[in-house]
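Visitor: First the structure, which I've put down as structure tokens, then a few questions once you've had a look.
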Amino acid sequence: MMIDLRSDTFTKPSPAMLEAMLKAAVGDDVFREDLAVNQLESYAAALFGMESALFCPSGTMTNQIAIKCHTQPGNEVICEKLSHVYNYEGGGIAFNSGCQVRALEGNLGRLTASQVLEAINPDDVHKAPTALVCVENTANRGGGSCYEIADLEEIRTICLNNNIKYHLDGARIWNAMIAKGESPKQYGNLFDSISICLSKGLGAPVGSLLLGGETYINNARRVRKILGGGMRQAGYLAAAGMFALEHNIDRLKVDHDHATMLGNVLKNKDFVGEIYPIETNIIIFEVKGTYSAQSFSVFLKKHNILCIPISANQVRMVTHLDVSAAMVNELIGIIEKM
Ligand SMILES: *Cc1c(COP(=O)(O)O)cnc(C)c1O
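The opening position of the sequence shown corresponds to residue 890 in the numbering used here, with each subsequent residue numbered one higher.
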């Protein structure tokens, strides 16, 4: 059997999740008649202490709708250089919102308040009005790094003082909350909008939610329709998301422990260079000497283990609910012999 560490998006629905999907009470969600979608949206909004939520097919869509609803064409969006919204959404900020990006170089994918403050454009006809700050938690290309809530609060204050909106790409917010012992309401208090993914570590096959105020989400619903994201009997998918929220959050600790175990084995190997601090379920490490990132990945593939070379000399592994303790031990055995 393959041990797939390429991403936590490779999880497949469990039999129990599939059963929950089969039992979903569905209707036409464009007409707001899908009970399972309505239930998921109100459950998630309440969890974060926010007014409303919108179920979407992907995290790219929730991020892109969020940005569109906070900005006007010609505005500037501040984010980190390696962030998903800037690097992995196909130029969507320009395509969908007509905005330009001020990409800042942070620390493992994280921005600081002073960096944000410095990047805000003055009220000057030459300058694009700064409309939005997007932060990512956990930061994917930062190796699953987590913000301190205090640092997010400081950025919040800067945004408030400068009349700038504040969006969280929380694709892996559950991992951050488990690692730091935080609650969803702490995040709901801070942000104008939050995007959360159900199809990463939580194991749902499809789906993300955009959270925000009622008026904002009403507008987001219109944009979702424009983008073709108005789905009909989406409740079958929402039921999977609901199952994920109810059953698969607490166990993320197991994934984090597995990632730490793998990191501890990797750090003693002479072909491994810098390993990013392992805070959650993502391991990004430098490969040197005997192996390139490519040849390392090819070697593991011969042992039925999949990982991703993310640059010429860096490999990424992601633990998730379809990676069992036995699989982790098997991989550790293989790495130890390399
Ligand atoms: C996966 C991911 C998303 C959303 O991706 P989709 O594949 O469109 O659901 C957004 N942000 C981050 C940081 C991600 O890792």
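From the three backbone atoms N, C-alpha and C, an ideal C-beta is built for every residue, glycine too.
Every value quoted in this text rests on a predicted model; they were computed, and no experiment measured them.
Could you compute how far the alpha carbon of D1211 sits from the alpha carbon of K901?
Guide: Their Cα atoms are separated by approximately 8 Å.
Visitor: Does ligand 1 have a heavy atom nearer than 7 Å to the CB of C1035?
Guide: For ligand 1, not one heavy atom lies less than 7 Å from the Cβ of C1035.
Visitor: Any heavy atom of ligand 1 closer than 7 Å to the CB of T1208?
Guide: Flag unset: Cβ of T1208 not near ligand 1.
Visitor: Flag D1058 as yes when its Cβ comes closer than 7 Å to any non-hydrogen atom of ligand 1, and as no otherwise.
Guide: It does: the Cβ of D1058 is within 7 Å (strictly closer) of some heavy atom of ligand 1.
Visitor: Would you say G948 touches ligand 1, meaning its beta carbon is less than 7 Å from a heavy atom?
Guide: Answer for G948: yes, Cβ within range of ligand 1.
Visitor: Quick one: measure Cβ to Cβ for L936 and P1073, integer angstroms, because I've assumed they're closer than 8 Å.
Guide: Confirmed, Cβ separation roughly 5 Å.
Visitor: I need the straight-line Cα distance from I1138 to G1092, nearest angstrom please.
Guide: Each residue's Cα considered, the two are about 10 Å apart.
Visitor: What are the boundary residues of the beta strand (DSSP E) that includes C880?
Guide: Here the chain comprises residues numbered 890 to 1227, so residue 880 is not present and cannot be evaluated.
Visitor: The alpha helix (DSSP H) spanning C1048 covers which residue range?
Guide: Where C1048 is concerned, the enclosing alpha helix (DSSP H) stretches over I1038 to N1050.
Visitor: Is C968 near ligand 1 - that is, is its Cβ less than 7 Å away from at least one heavy atom of it?
Guide: For ligand 1, not one heavy atom lies less than 7 Å from the Cβ of C968.
Visitor: Buried or exposed for L911, going by 16 or more other Cβ atoms inside 10 Å?
Guide: Exposed, because fewer than 16 other Cβ atoms sit within 10 Å of the Cβ of L911.
Visitor: Around the Cβ of Q961, are there at least 16 other Cβ atoms within 10 angstroms (buried) or fewer (exposed)?
Guide: Q961 should be labelled exposed.
Visitor: Skipping 5 residues on each side, what residues in its chain have a beta carbon closer than 8 Å to that of N1193?
Guide: Only M890, M891 and I892 meet the Cβ criterion.
Visitor: Just confirm the distance between the C-beta atoms of K1177 and N1202, as a whole number of angstroms; I'd bet it's less than 8 Å.
Guide: Correct: roughly 6 Å between the Cβ atoms.
Visitor: Work out the CA separation of L929 and Q1122 for me, nearest whole Å.
Guide: Cα to Cα, Q1122 sits roughly 13 Å from L929.
Visitor: Have a look at V1014, E1103, G987 and H1056 and flag the residue whose alpha-carbon is nearest the alpha-carbon of T951.
Guide: The option with the nearest alpha carbon to T951 is H1056.
Visitor: Who pairs with C968 in a beta bridge, going by DSSP?
Guide: DSSP lists A992 as partners of C968.
Visitor: What's the gap between the Cα of L1155 and the Cα of I1167?
Guide: Taking the straight line from one Cα to the other gives about 12 Å.
Visitor: Return the bridge partner residues of S1082 from the DSSP annotation.
Guide: Its beta-bridge partners are H1056 and G1101.
Visitor: On a Cα-Cα basis, can you pick out the residue from A925, L894, S941 and R895 that is closest to T1104?
Guide: Ranking the options by Cα distance to T1104, first place goes to S941.
Visitor: Would you decide whether R1113 is buried or exposed? Buried here means 16 or more other CB atoms lie within 10 Å of its CB.
Guide: By the 10 Å Cβ count, R1113 comes out buried.
Visitor: Please state whether DSSP places D917 in a helix, a strand or coil.
Guide: It is coil, neither helix nor strand.
Visitor: Out of N1157, A1148 and F1160, which has the shortest C-alpha to C-alpha gap to S1213?
Guide: Taking only the C-alpha atoms, the option nearest S1213 is A1148.
Visitor: Using only the heavy atoms of ligand 1, determine whether one of them is closer than 7 Å to the beta carbon of N985.
Guide: Incorrect: N985 has no Cβ contact closer than 7 Å to ligand 1.
Visitor: Going by the DSSP bridge assignment, what does M1206 pair with across the sheet?
Guide: According to DSSP, M1206 bridges with I1172.
Visitor: Rounded to the nearest angstrom, what separates C1196 and A913 at their Cα positions?
Guide: Looking at the two C-alpha atoms, the distance is approximately 35 Å.
Visitor: Return the chain-ordered list of same chain residues with a C-beta closer than 6 Å to the C-beta of L1079, the five sequence neighbours on each side being excluded.
Guide: Excluding positions up to five away in sequence, the list reads L1041 and R1045.
Visitor: Give the straight-line distance between the Cα atoms of N927 and V1161, rounded to the nearest whole angstrom.
Guide: Roughly 48 Å between the two C-alpha positions.
Visitor: Indicate whether K1142 and I1067 have their beta-carbon atoms separated by less than 8 Å.
Guide: Taking 8 Å as the Cβ cut-off, K1142 and I1067 qualify as a contacting pair.
Visitor: Using only the alpha-carbon positions, how far apart do V974 and I1062 sit?
Guide: Approximately 15 Å between the Cα atoms of the pair.
Visitor: T900 by DSSP, collapsed to three states: which one?
Guide: Residue state, collapsed to three classes: coil.
Visitor: I'd like to confirm something about K1177: is its beta-carbon nearer than 7 Å to some heavy atom of ligand 1, or not?
Guide: Checking the Cβ of K1177 against ligand 1 gives no.
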